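Numbering (the working numbering), first residue to last: 13 to 200.
The C-beta atom is built at its ideal place from N, Cα and C for all residues, glycine as well.
None of these values were measured; they are calculated from a predicted model.
Notes follow once the structure below has been shown.
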Amino acid sequence: MTRIVVLPGSWRAGSVNLALARAAVAAAPAGCEAVLHSIREVPLYDGDLETASGIPAPVRALKDAVAAADGLLLVTPEYNNSVPGTLKNAIDWMSRPPADSARVFAGRPVGLIGATPGAGGTRLAQGAWLPVLKTLGTQLWTGGSLFVAGASKVFDASGRLTDEKVRELLEKYMKGFAEFVAAARRGG
Ligand code: FNR
């Protein structure tokens, strides 16, 4: 069984990215277990806090979850044509201390999807993640991509995916990403 941590960059009640993350968990193919994790309890990065009391417990829990999994799926919102500070802050904390960053990120298969109510579908945010993921030494899956545009029409008021075309694209993405993660696990 391959295991994937799914990390949405928004946790608000009506979040389209949380809805997409939940749909991604449900779309994981047979032989792949995807588990939703939250960045909600992660504090703002503060070097004084790190020096005084080390890595906060919610960050340690996220790091251990990713390190124990075979792959990481980021579900990114787009803020001001770039990555959202919320998710970037969590990833920055998770890269601390530098000596422990490789355990979490180096060689880690990473997938990247996202949703916006507007027309872009997080194209700019996903592009802006590239230098971050490269710096961390992850293996970004580039065999597929998913930009969910017009997301307020793709999910219903309760966050359920109702657009069959997007469901098809999401299932295709999850199948391809899960195969990539499984191959990396086998060392292939
Ligand atoms: C946005 N939004 C946005 N959308 C977009 O397509 N391109 C952008 O550059 C931005 N910029 C932006 C900045 C900030 C500060 C906010 C709060 C929002 C709109 C954004 O896509 C929309 O609010 C989404 O619904 C946010 O994701 P969640 O919370 O629904 O997952």
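- For TYR57, the shortest C-beta to heavy atom distance toward the ligand FNR is 7 Å or greater.
- At least one heavy atom of the ligand FNR sits closer than 7 Å to the Cβ of GLY132.
- Beta-bridge partners assigned by DSSP to TYR91: SER94.
- Fully contained in the region 44 to 117 are the following beta strand (DSSP E) runs of length 3 or more, in chain order: 44 to 48 and 83 to 87.
- In the structure shown, the three-state DSSP call for VAL166 is coil.
- Pairwise C-beta distances place the region 33 to 46 in contact with the region 71 to 88, as three or more of them are shorter than 8 Å.
- Under the 10 Å beta carbon count, ARG120 is surrounded by 16 or more other beta carbons and is classified as buried.
- For PRO143, the enclosing alpha helix (DSSP H) has its first and last residue at 135 to 147.
- DSSP lists PHE159 as the beta-bridge partner residues of GLY126.
- Our two residues, ALA169 and VAL28, have alpha carbons roughly 10 Å apart in a direct line.
- For the options ASN93, ALA36 and MET13, the alpha carbon positioned closest to that of LEU181 is the one of ALA36.
- The shortest C-alpha to C-alpha distance from GLN151 to any of ALA77, GLY199, ALA64 and SER50 is the one to GLY199.
- DSSP places ARG24 in the coil class of the three-state scheme, outside both helix and strand.
- Distance from ALA25 to ALA190 at the Cβ level is roughly 29 Å; contact not present, criterion being Cβ atoms closer than 8 Å.
- Cβ neighbours of THR98 within its own chain (closer than 6 Å, five residues either side excluded): GLY21.
- Contact between the region 59 to 78 and the region 105 to 115 is present, with at least three C-beta pairs closer than 8 Å.
- Distance between ALA79 and ARG115, taken at the CA atoms: about 6 Å.
- Assigned with DSSP and collapsed to three states, ARG34 falls in helix.
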